[in-house]
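K.L.:
Residue numbers (the working numbering): 1 to 295.
Where is the CB? At the ideal position from N, CA and C, for every residue including glycine.
So that we are looking at the same thing, I have put the structure below in C-alpha cells.
Rendered as C-alpha cells:
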C-alpha cells in the first residue's frame, strides 16, 4: 500500500507534468487584401456614355466595312477587265461585272462586321454574345405568339409600303438601277437582303446601339436616335424617291419600338427577315419576267 506521503508525491509529479506549457506557435500574418477604388458619382454617371461611344464605334466600323470591302473585292475584277480590254476606261467601273462583285462582297463585309462586334462585346464576358445583345425570346409570351405577331407586323408594313408607293410613286432609286443591271446582280441583291442584312443590321442597330443609348438617355431618345440612324443610312440608296424614304423610316421606327417594348432583339429580327424575304422573292421573280436580263 502507498503511504500518504508517496500519494502526495505521485499526484504532485503528474500534475506538474500535465500543466507543462506547450511550445509557442507563431502564426503567419494575414495577407492584406487589395483596396478596391470606389468610383465617384461623376465617374458612375459617365459610364453609360462610354458604352454609347463604344456602340457608335462599332456602328462606324460597320459602315466602313460596307464601303471599303466591296471596293477591295472589285479591284481585281477591274484590273482583269482592263487587261482584257487593253486599257482602262471609266465605263468599267459601272459594268455589270463590277456591280455584281460589289453586291456579292457585301456578304463578307457583313461577316466581318459580326466578327468585329462579337470580338468587342464578348471580351471578358462570362455569358454568350447572343445573350449580351438580347437575341432571345421575350419572357412575356410564348415563341409562337411572338412569331405570329412579328410576321403580322411585317405584312402590315408591306401593305403600308404598297399604299405609299401607289400614292406618291417616285423615280427609280440607285438600288433599282443596280438590280436591273443583270440577273446575277439581282439574285445577289436578293440573297444579301435575305441571308445577312436582317441579322447584321439588327445586331448593330437594335442589339448594340439601342441598349447603349437607352441606358444613357432613356427609351424615348434611344428609339429616336436609332430609328434616325437606320433610316439615314438607307436614305442614300433611295434619295430620289420620297415614298421609299417614308417606308424605310416607318420600318426603322417599328423595328426599334419592337426592340424597346419586348426587351429583346429577336422580334425585330423576325419582322426584318420577313419584310426583306418577301421583297427578295419579288426581286427575283420580277427579273425572271424581264427576258432582257437573262441575256
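1. In the structure shown, what three-state DSSP assignment does residue 36 receive?
2. Taking C-alpha atoms, which residue in 211, 47 and 153 lies nearest to residue 250?
3. With 16 other CB atoms within 10 Å as the buried threshold, where does residue 4 fall?
4. Quick check: the stretch 88-105 against the stretch 44-57, are there 3 or more CB pairs under 8 angstroms?
5. Please look up how many angstroms separate the CB atoms of residue 61 and residue 116, rounded, as I've assumed it's under 8 angstroms.
6. For the alpha helix (DSSP H) holding residue 286, just list the boundary residues, first then last.
7. With 16 other CB atoms within 10 Å as the buried threshold, where does residue 113 fall?
8. Once DSSP output is grouped into helix, strand and coil, what is the label at residue 140?
9. Which one of 76, 46, 77 and 164 has the shortest CA to CA distance from residue 243?
10. How is the alpha helix (DSSP H) around residue 212 delimited, first residue to last?
11. How far does the alpha helix (DSSP H) with residue 184 in it reach, from first residue to last?
12. Which residue's Cα is closest to the Cα of residue 173: 100, 44, 259 and 236?
13. Which residue wins for smallest C-alpha separation from residue 104, given the options 129, 185, 119 and 147?
14. Would you kindly report the start and end of the unbroken alpha helix (DSSP H) that includes residue 117?
15. Specify the secondary structure class of residue 180 as computed by DSSP and reduced to three states.
16. Would you grab the beta carbon distance between residue 278 and residue 175 for me? Rounded to a whole angstrom, and I think it's under 8 angstroms.
17. How many angstroms separate the CA atom of residue 280 from the CA atom of residue 145?
18. To the nearest angstrom, how far is it from the Cα of residue 25 to the Cα of residue 119?
19. For residue 255, report the span of its alpha helix (DSSP H) as first-last.
20. Relative to the alpha-carbon of residue 285, which residue among 206, 238, 227 and 183 has its alpha-carbon at the smallest distance?
21. What number of angstroms, rounded off, separates the C-alpha of residue 132 from the C-alpha of residue 265?
22. Go ahead and pull the three-state DSSP assignment for residue 100.
23. Counting along the chain, where does the alpha helix (DSSP H) carrying residue 239 start and finish?
24. State the start and end residues of the unbroken alpha helix (DSSP H) segment that holds residue 131.
P.N.:
The answer reads as follows:
1. Taking the first residue of the chain shown as position 1, residue 36 is located at position 36. In this prediction, residue 36 scores a pLDDT of 48, lower than 50, which makes its location untrustworthy; no coordinate-derived value is stated.
2. If you number the chain shown from 1, residue 250 lands on position 250. Of 211, 47 and 153, the residue nearest in Cα terms is 153.
3. The sequence position of residue 4 within the chain shown is 4, counting from 1. For residue 4, the pLDDT reaches just 46, beneath the cut-off of 50, and the residue's location in the model is therefore unreliable, leaving the point undetermined.
4. Counting Cβ pairs under 8 angstroms, fewer than three are found: no touch.
5. For the purposes of this step, residue 61 is identified with residue 61 of the chain shown, where counting begins at 1. For the purposes of this step, residue 116 is identified with residue 116 of the chain shown, where counting begins at 1. Between residue 116 and residue 61 the Cβ distance is about 6 angstroms, and since that is below 8 angstroms, they are a contact.
6. Mapped onto the chain shown, residue 286 falls at position 286. 266-289 is the span of the alpha helix (DSSP H), which, as asked, contains residue 286.
7. For the purposes of this step, residue 113 is taken as the residue at position 113 of the chain shown. By the 16-neighbour rule on beta-carbons within 10 angstroms, residue 113 is buried.
8. Sequence index remark: in the chain shown, residue 140 carries index 140 (1-based). In this structure, residue 140 counts as coil in the three-state DSSP scheme.
9. The sequence position of residue 243 within the chain shown is 243, counting from 1. Measuring from the Cα of residue 243, the nearest candidate turns out to be 164.
10. Counting from one through the chain shown, the residue named residue 212 turns up at place 212. Its alpha helix (DSSP H) spans residues 210-217.
11. Looking up residue 184 in the chain shown gives position 184. Residue range 183-195 is occupied by the alpha helix (DSSP H) that includes residue 184.
12. As a working note, residue 173 is residue 173 in the chain shown. The residue among 100, 44, 259 and 236 with its C-alpha nearest the C-alpha of residue 173 is 236.
13. Taking the first residue of the chain shown as position 1, residue 104 is located at position 104. Per the Cα distances, 185.
14. For the purposes of this step, residue 117 is taken as the residue at position 117 of the chain shown. Note, residue 117: alpha helix (DSSP H), 106-121.
15. Residue mapping note: residue 180 aligns to position 180 of the chain shown, counting from 1. Note: residue 180 maps to coil in three-state DSSP.
16. For the purposes of this step, residue 278 is identified with residue 278 of the chain shown, where counting begins at 1. For the purposes of this step, residue 175 is identified with residue 175 of the chain shown, where counting begins at 1. By a beta-carbon distance limit of 8 angstroms, residue 278 does not contact residue 175. Their separation comes to about 16 angstroms.
17. By one-based count along the chain shown, residue 280 stands at place 280. By one-based count along the chain shown, residue 145 stands at place 145. So the two alpha carbons sit approximately 25 angstroms from each other.
18. One-based indexing of the chain shown puts residue 25 at position 25. One-based indexing of the chain shown puts residue 119 at position 119. At residue 25, the pLDDT of 49 sits below 50, so the modelled position is not reliable and the matter cannot be decided from this model.
19. As a first step, residue 255 is located in the chain shown; it is residue number 255 there, counting from the start. Per DSSP, residue 255 belongs to the alpha helix (DSSP H) from 242-262.
20. Taking the first residue of the chain shown as position 1, residue 285 is located at position 285. Out of 206, 238, 227 and 183, 183 has the C-alpha closest to the C-alpha of residue 285.
21. Counting from one through the chain shown, the residue named residue 132 turns up at place 132. Counting from one through the chain shown, the residue named residue 265 turns up at place 265. For residue 132 and residue 265, the distance between alpha carbons rounds to 10 angstroms.
22. As a position in the chain shown, residue 100 is number 100, starting the count at 1. In the three-state scheme derived from DSSP, where H, G and I count as helix and E and B as strand, residue 100 is classed as helix.
23. Within the chain shown, the letter at position 239 stands for residue 239. Looking at the DSSP string, residue 239 is not in any alpha helix (DSSP H), and its letter there is neither H nor E.
24. The residue you call residue 131 lines up with position 131 of the chain shown. Unbroken alpha helix (DSSP H) run through residue 131: 129-132.
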